[in-house]
Amino acid sequence: MTAYAFVWITKYYTDYKHEPVRVLALSSATGHGTNIIAGVSLGLESTALPVLAISIAIISAYWLGNTSGLVDESGSPTGGLFGTAVATMGMLSTAAYVLTMDMFGPIADNAGGIVEMSQQSNPTNQLLCLQPESVREITDVLDAVGNTTKATTKGFAIGSAALASFLLFSAYMDEVASFAHVSFKEVLIAGFIFRLLGHYTGQPLLGAKVVASMLMFATVAGTELGVSYTCRVGDPFKDTVGPSLHVLIKMLATITLVMAPVFL
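Below is the structure:
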């Protein structure tokens, strides 16, 4: 259901048949500046529903898993995490189809670029005009559909990254709890510096709680920015910045989990 919600939301904000794209096209009549401003505002607006969908998915998966009554060896309930893991695997199980849809966009875009650069759609050049004018019209339609599919798959990647990051956050807290009362001789100097900083500032600048706060903030903010950049105007936004943010979200969670003993 979360994947379907992402598809529907992305299609509404990026398909040329719906109102947001048509309003954005009308804004270009007054110049490039208003077009970019309208595109940025539309991208920010499009983040509300995906964030709501992810929040509902996490809460629902955790609640459904928690009702199963699963416990670990110590008797602590783990059904909620199991439900979230099942939801994450459910979104990742369609990775092959998502990658296929993601490849359609660049293929259609490159086809349109080849037609344009070869001047096959230019009727004034009779030597190079080997195809009818309708070829460019067809490639433009395919390019528009390809942009919609690319936006859909990138939003899908951001959603799966958000779900996986919450699982890694729980694993990080378990790792901290396992070593909370263990003395690390290897980080004696770091701990001494940490205490000095805490003495002069009145509060610790490092530590598990601060790192956990940073991880939560980066996950939420990165998810919102990733979905926003995916739907914004221009290839530098939707094709480079947007996809890189979901890698950043997963990298932060993974590195934090690996370096957990250092933060204690």
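Residue numbers (this note's numbering): 384 to 647. Here a beta-carbon is modelled for each residue, glycine too, at the ideal position from N, C-alpha and C.
**OP:** Provide the residue(s) that pair with residue 489 in DSSP beta bridges, ordered along the chain.
**Re:** Answer is none; residue 489 lacks a bridge partner.
Subject >> Between the CA atoms of residue 540 and residue 477 - distance to the nearest angstrom >> reply: Each residue's CA atom was taken as its position, placing residue 477 and residue 540 some 11 Å apart.
Original post:
Roughly how many whole angstroms lie between the Cα atoms of residue 433 and residue 599?
Top reply: 17 Å
**OP:** Give me the Cα-Cα distance between residue 468 and residue 440, rounded to the nearest whole angstrom.
**Re:** 11 Å
Subject >> Candidates 465, 534, 461, 407, of which the one nearest residue 546 by Cα >> reply: 465
**OP:** Go ahead and label residue 409 buried or exposed: buried means 16 or more other beta carbons lie within 10 angstroms of its beta carbon, across all protein chains shown.
**Re:** exposed
**OP:** Could you work out which residue in 405, 462, 444 is closest to residue 452 when comparing CA atoms only?
**Re:** 462
Original post:
Is residue 535 near residue 404, with beta carbons less than 7 Å apart?
Top reply: no
Original post:
Distance, Cα to Cα, residue 602 vs residue 450?
Top reply: 26 Å
Subject >> Alpha-carbon to alpha-carbon, residue 398 and residue 501 >> reply: 28 Å
Subject >> Distance between residue 396 and residue 487 (C-alpha atoms, nearest Å) >> reply: Their backbone Cα atoms lie some 19 Å apart in a straight line.
**OP:** Give the straight-line distance between the Cα atoms of residue 479 and residue 406, rounded to the nearest whole angstrom.
**Re:** Spanning the two alpha carbons is a distance of roughly 34 Å.
Subject >> CA-to-CA distance, residue 473 to residue 531, given in whole angstroms >> reply: 22 Å
**OP:** Grab me the residues of residue 417's own chain with a C-beta within less than 8 Å of its C-beta, minus the 5 sequence neighbours each way, in chain order.
**Re:** For residue 417, where only same-chain residues beyond five positions count, the Cβ hits under 8 Å are 410, 411.
**OP:** Note down the Cα distance separating residue 428 from residue 543, rounded to an integer number of angstroms.
**Re:** 21 Å
Subject >> Outcome for residue 649 when other beta-carbon atoms lying within 10 angstroms are tallied against a minimum of 16 >> reply: Residue 649 lies beyond the range of the chain shown here (384 to 647); nothing can be said about it.
**OP:** Run the CB neighbour count on residue 470, radius 10 Å, all protein chains shown included, and call it buried at 16 or more, exposed below.
**Re:** A residue is called buried when at least 16 other Cβ atoms come within 10 angstroms of its Cβ; residue 470 meets this threshold and is buried.
Subject >> CA nearest to the CA of residue 605, picked from 628, 460, 482, 533 >> reply: Nearest C-alpha to residue 605: 628.
Original post:
Do residue 551 and residue 636 have their C-beta atoms within less than 7 Å of each other?
Top reply: Yes, these two residues count as a Cβ contact at 7 Å.
**OP:** Could you spell out the range, first to last residue, of the alpha helix (DSSP H) harbouring residue 394?
**Re:** 385–397
**OP:** Kindly indicate which three-state DSSP category residue 588 falls into: helix, strand or coil?
**Re:** Because residue 588 sits at a pLDDT of 49, beneath the cut-off of 50, its placement in the model cannot be relied upon, and the following sentence gives the value as read from the coordinates. Coil, per DSSP.
**OP:** Using 10 angstroms around the beta-carbon of residue 413, count the other beta-carbons present and answer buried if the total reaches 16, otherwise exposed.
**Re:** exposed
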